[in-house]
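As structure tokens, the structure follows; a few thoughts come after it.
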Amino acid sequence: MKKIEAIIKPFKLDEVKEALHEVGLQGITVLEAKGFGRQKGHTELYRGAEYVVDFLPKVKIEVICEDSVADRAIEAITNAARTGRIGDGKIFVSSIDDVIRIRTGEKGEAAI
Amino acid sequence: MKKIEAIIKPFKLDEVKEALHEVGLQGITVLEAKGFGRQKGHTELYRGAEYVVDFLPKVKIEVICEDSVADRAIEAITNAARTGRIGDGKIFVSSIDDVIRIRTGEKGEAAI
Amino acid sequence: MKKIEAIIKPFKLDEVKEALHEVGLQGITVLEAKGFGRQKGHTELYRGAEYVVDFLPKVKIEVICEDSVADRAIEAITNAARTGRIGDGKIFVSSIDDVIRIRTGEKGEAAI
Ligand SMILES: Nc1ncnc2c1ncn2[C@@H]1O[C@H](COP(=O)(O)OP(=O)(O)OP(=O)(O)O)[C@@H](O)[C@H]1O
Ligand SMILES: Nc1ncnc2c1ncn2[C@@H]1O[C@H](COP(=O)(O)OP(=O)(O)OP(=O)(O)O)[C@@H](O)[C@H]1O
Ligand SMILES: Nc1ncnc2c1ncn2[C@@H]1O[C@H](COP(=O)(O)OP(=O)(O)OP(=O)(O)O)[C@@H](O)[C@H]1O
Ligand SMILES: [Mg+2]
Ligand SMILES: [Mg+2]
Ligand SMILES: [Mg+2]
């Protein structure tokens, strides 16, 4: 099973959520974050205004899915989150050993 | 070493914390999150009211522990967080390569 | 590629950021967190006042980097975040399978 973590622009959350839903992904966790990438000292557009890129508000999305769905999920996030401008975000993919659904005690892929 | 991430109902945080303490776990990190699981478009109870399940407030717990303690930690979280209703939460288990205690520079299991 | 997660004292964020920049690391994600380590029931100093250590405000930093840079990043964080007092924080290191830069579609180390 894979964990897909995406740091995106906050206003893209709804589009990313819909895109994940369209490829059949149902579970998603969202956290507020701030961050910066490669443009430290340069400017980035945020809500129409230019900011010196230090920490900018970002949203962190976490999606756990089966291996076979990961590529589709990554593509869905990439396409939905992209504006073409710097700061569009990053996706980090890692491996998960186990999943447990607390209500039922189900484990593994059945619990996703 | 294992990383146990649990997304739970916020009002269950204290019970989960106590349950972890009872199995000997001392360290815990907590983040505010929002999310949804499989019931998109259906309703979930939150503080006695019914919500259409889009994003609901959740708490994310992160516990790093030795491999030998992981099963007990997962069981403790599962039992403490369960209400029997949908939305009780998920646990994700992954592997950690190293831990460092910043104050002392200790590494590995000694640093947990 | 490695994921370095560090839970530090909030007032140390700027120093840690500068230390990472000095070893050539450009990307960083920051989340607000709360937590406790081994001193449950004891006191910890926070902004000059003593608190019984239950949940204290912490900052969580996430840095994804190439394997060859990880040790330098860990050392930079450790040195910048250390005050010598309890509660200085923890660093957790894990492995990342892939990285994607959303704007360009680049993958792997080129996307970091
Ligand atoms: N190496 C990294 N480690 C941790 N977080 C990162 C890293 N790189 C980027 N991020 C996070 O992703 C967010 C978006 O990064 P961003 O899209 O600016 O990446 P970038 O590499 O600078 O690409 P671009 O040139 O398109 O701006 C940052 O604000 C930060 O939160
Ligand atoms: N696949 C997933 N990826 C990421 N986060 C998830 C996933 N599934 C659930 N979550 C997180 O866990 C929270 C609780 O999920 P929930 O307990 O509703 O799971 P579920 O599979 O729908 O089980 P149930 O049928 O008991 O409701 C969600 O709000 C979301 O934050
Ligand atoms: N095992 C753990 N799992 C998850 N988070 C942890 C763990 N240990 C510590 N943390 C997080 O790191 C923060 C700082 O921990 P802390 O520095 O107090 O660790 P410690 O082991 O008690 O070391 P010290 O003796 O120097 O205080 C905690 O508030 C918590 O958020
Ligand atoms: Mg950038
Ligand atoms: Mg659900
Ligand atoms: Mg401590």
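Protein chains in written order, with full-length UniProt numbering: chain A, 1 to 112; chain B, 1 to 112; chain C, 1 to 112. Quick reminder that beta carbons are idealized off the backbone N, C-alpha and C, glycines included.
I need the residues with a C-beta less than 6 angstroms from some heavy atom of ligand 4; please give them in chain order.
A:Gly37, A:Arg38, A:Gln39, A:Ile86 and A:Gly87
Segment limits, beta strand (DSSP E) that includes C:Asp98
Asp98 to Arg101
Bridge partners for B:Thr29 per DSSP, in chain order?
B:Glu62 and C:Gly35
Selection from B:Glu5, B:Lys3, B:Val16 and B:Ile61 that minimises the alpha carbon distance to B:Thr83
Ranked by Cα distance from B:Thr83, the first of B:Glu5, B:Lys3, B:Val16 and B:Ile61 is B:Val16.
Per-residue DSSP class, three states only, for C:Ala108:
Reading off the sequence, residue 108 of chain C comes out as Gly, not Ala. Three-state DSSP puts C:Gly108 in a helix.
Is DSSP giving A:Lys9 helix, strand or coil here?
coil
Within chain C, the residues that A:Ile86 reaches when beta carbons sit closer than 9 angstroms
Within 9 angstroms Cβ-Cβ: Arg103.
DSSP state of B:Val23, grouped into three classes?
coil
Cβ separation of C:Arg38 and B:Gly27, assumed to be a contact under 8 angstroms, to the nearest whole Å
7 angstroms
Answer with yes or no whether the minimum CB distance from C:Ile7 to chain B is below 7 angstroms.
yes
Is any beta-carbon of chain C found at less than 7 angstroms from that of B:Gln39?
no
Counting only the same chain and skipping the five closest in sequence on each side, list residues whose C-beta sits under 8 angstroms from that of A:Gly35.
Ile7, Phe55, Leu56 and Lys58
Taking the alpha carbon of A:Leu25 as the point to measure from, which residue in A:Leu45, A:Lys60, A:Ala76 and A:Pro10 has its own alpha carbon closest?
A:Ala76
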